[in-house]
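Chemist: The structure under discussion is supplied below as structure tokens; questions concerning it will follow.
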Amino acid sequence: LLAPSALFPPTAACRAPRAGSPAATVPRAVMPLPTRSSFSLSSPRLVEESETSLDKLLAKYNAQINAVAQHPQVAKLLDPTEHDEIFLLRHVLSTKGNVEKAASSAEQCIKWRREHADLLRRADDLHHRVKEMLPVGMLPHPSNEDQPIQVVMPFQADLDRFSKASLDWHFETGIANREVAYRLCDACSREKRKLIKVILLQDLSGLTFAFAYSQYRLGSVQGKLSKLSSYVYPQMLQAVVIVNAPSFMSTIFKMGSKFLSQKVLEKMKVCVGAAEICAAANLDYEKLPSFLGGGFEWEADWIPLRVRMQGREAARERASERERSSRVDSVAGGSGDDGPGPEGSVRAPAGAAEAAVGARD
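If you want it as structure tokens, here you go:
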């Protein structure tokens, strides 16, 4: 469920290359989390590199990159058409500059990709087919820091087919989705000269404890994917933003902590309301989908019709609320009792009213 998926339409230079080319009825409003203060996803321990400029990062870690490239276990595997300094940089950053660990990571990555070349060639097709079962896609616009944002609604899926799918299917589609996202992040990083990572926006509407418990078998697959991702797709995940979390989220976390890596756990953020979502995803309110409490009417085909309809209805309710608030402000301003009228009134930040309505709903 943590796998990145469909692409947002990037610029031509930023478009992710294809394989073989070079290098259920829960209301859609954002729900409050009853026991939000009763658990914590993780206590931050690992400090990530804050610099995002690719050129500055390459200069800062030049010595480590060269040392990894010349490492006996890595040098014999490198292919100049596939493995350049940007490829090695992600491994260096993932291991906090430790040359031996970075070399081991790069070695495992190259060997695994060559051994599973056929699976990677089928990534685009697998990625497309998974959307027939799992509602997932990239927003048509990135975050304010150019990170692609994936929205996934795993429990608005065909849960019967999803639960019956083989573990091999879950593994292969998990790899395919990560591969597609990796290509996108890599292409965008090179085009924008920034270290680009993906943001996952997980909508847990429809999740029941019974279903979560019945699918505990998938833990082994997610554990395997998480471990593989640490060296096959290093430095690709910016954050996991969780919305509409159920009241038993603490139990889900305890289950997930047994197979998810510490790095992933530290990047998880449970959000309540549009304002928190926008802050965690570094996204403007106008670009947050209406079915998550924002102002963007997203009509992508992969989004279930009922979700789109609920989003439109919620957006209309928020618009009506804004109009009522505006009329009240106009009357108050016109009375002369509270300072300037509408022309000079100080307004709340964009999205504040919507966030309040979303949290209330």
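In the numbering used here, the protein residues as written are 6 to 366.
Quick reminder that beta carbons are idealized off the backbone N, C-alpha and C, glycines included.
#1: Please specify which runs of the alpha helix (DSSP H), each continuous and at least 4 residues long, are wholly inside the region 143-196, giving them in chain order.
#2: Tell me the rounded alpha-carbon separation between Val185 and Arg329.
#3: Compute the beta-carbon to beta-carbon distance between Ala285 and Ala244, rounded to the nearest angstrom, for a pair I have assumed lies under 8 Å.
#4: Can you give the Cα-Cα distance for Ala192 and Ser331, rounded to whole angstroms?
#5: Hey, how far is the Cα of Arg118 from the Cα of His132?
#6: Compare the beta carbon distance of Lys199 and Leu63 with 8 Å and say whether it is the shorter of the two.
#7: Give a yes or no on whether the C-beta atoms belonging to Tyr290 and Gly299 are separated by under 8 Å.
#8: Could you tell me which residues DSSP pairs with Ser58 in its beta bridges?
#9: At which residues does the beta strand (DSSP E) containing Leu242 begin and terminate?
#10: Can you say whether Lys272 is buried or exposed, counting buried as having 16 or more other CB atoms within 10 angstroms of its CB?
#11: Alpha carbon to alpha carbon, what distance is there between Ser266 and Thr256?
#12: Answer yes if the region 122-140 comes into contact with the region 171-179, meaning at least three C-beta pairs across the two stretches below 8 Å, and no otherwise.
#13: Starting from the C-beta of Phe253, find all residues in its chain whose C-beta is less than 7 Å away, skip the five residues before and the five after it, and write them out in chain order.
#14: Taking 8 Å as the threshold (C-beta atoms), are Glu56 and Leu82 in contact?
#15: Suppose the cutoff is 7 Å on Cβ atoms and the five residues either side in sequence are ignored; what does the same chain contact list for Val79 look like?
#16: From the DSSP output, which residues share a beta bridge with Met254?
#17: Considering only heavy atoms of the ligand HEM, does any lie closer than 7 Å to the CB of Phe258?
#18: If you draw a straight line from the C-alpha of Lys136 to the C-alpha of Ser194, how long is it?
#19: Between which two residues does the beta strand (DSSP E) harbouring Lys274 extend?
#20: Just to confirm, are Trp303 and Val141 a CB contact at a threshold of 8 Å?
#21: How big is the Cα-Cα spacing for Pro153 and Glu326?
Modeler: The structure says:
#1: 164-169
#2: Residue 185 sits at position 180 when you count from the first residue of the sequence shown. Residue 329 sits at position 324 when you count from the first residue of the sequence shown. The straight-line gap from Cα to Cα measures roughly 45 Å.
#3: To locate residue 285, count along the sequence shown from 1; it is residue 280. To locate residue 244, count along the sequence shown from 1; it is residue 239. Indeed, because the Cβ distance is near 6 Å, the residues count as touching under 8 Å.
#4: In the sequence shown, counting from the first residue as 1, residue 192 sits at position 187. In the sequence shown, counting from the first residue as 1, residue 331 sits at position 326. Those two C-alpha atoms are separated by around 44 Å.
#5: Reading the sequence shown from its first residue, position 113 is the one you call residue 118. Reading the sequence shown from its first residue, position 127 is the one you call residue 132. Straight-line Cα distance between these residues: approximately 17 Å.
#6: Residue numbering aside, residue 199 sits at position 194 when the sequence shown is read from its first letter. Residue numbering aside, residue 63 sits at position 58 when the sequence shown is read from its first letter. No.
#7: Mapped onto the sequence shown, residue 290 falls at position 285. Mapped onto the sequence shown, residue 299 falls at position 294. Going by C-beta atoms, Tyr290 is nearer than 8 Å to Gly299.
#8: For the purposes of this step, residue 58 is identified with residue 53 of the sequence shown, where counting begins at 1. Paired residue(s): Lys199.
#9: As a first step, residue 242 must be located in the sequence shown, where it is residue number 237. First-last of the beta strand (DSSP E) with Leu242: Leu242 to Val248.
#10: Translated into the one-based positions of the sequence shown, residue 272 becomes position 267. By the neighbour-count rule (16 or more Cβ atoms within 10 Å), Lys272 is buried.
#11: The residue given as residue 256 occupies position 251 in the sequence shown. The residue given as residue 266 occupies position 261 in the sequence shown. The straight-line gap from Cα to Cα measures roughly 17 Å.
#12: yes
#13: As a first step, residue 253 is located in the sequence shown; it is residue number 248 there, counting from the start. The answer, listed in chain order, is Phe214.
#14: Within the sequence shown, the letter at position 77 stands for residue 82. Within the sequence shown, the letter at position 51 stands for residue 56. It is not a contact, given that the beta carbons lie outside the stated cut-off.
#15: In the sequence shown, the residue the question calls residue 79 occupies position 74. Excluding sequence neighbours, Val79 sits near Val73, Ala108, Ala111 and Glu112.
#16: By one-based count along the sequence shown, residue 254 stands at place 249. BP columns for Met254 are empty, so no partner.
#17: This structure simply doesn't include the ligand HEM, nor any ligand for that matter.
#18: To locate residue 136, count along the sequence shown from 1; it is residue 131. To locate residue 194, count along the sequence shown from 1; it is residue 189. Their Cα atoms are separated by approximately 26 Å.
#19: Taking the first residue of the sequence shown as position 1, residue 274 is located at position 269. Met273 to Val275 is the span of the beta strand (DSSP E), which, as asked, contains Lys274.
#20: Here residue 303 is taken as the residue at index 298 of the sequence shown, counted from 1. Here residue 141 is taken as the residue at index 136 of the sequence shown, counted from 1. Taking 8 Å as the Cβ cut-off, Trp303 and Val141 do not qualify as a contacting pair.
#21: The sequence position of residue 153 within the sequence shown is 148, counting from 1. The sequence position of residue 326 within the sequence shown is 321, counting from 1. If I take the Cα positions, the gap works out to 31 Å.
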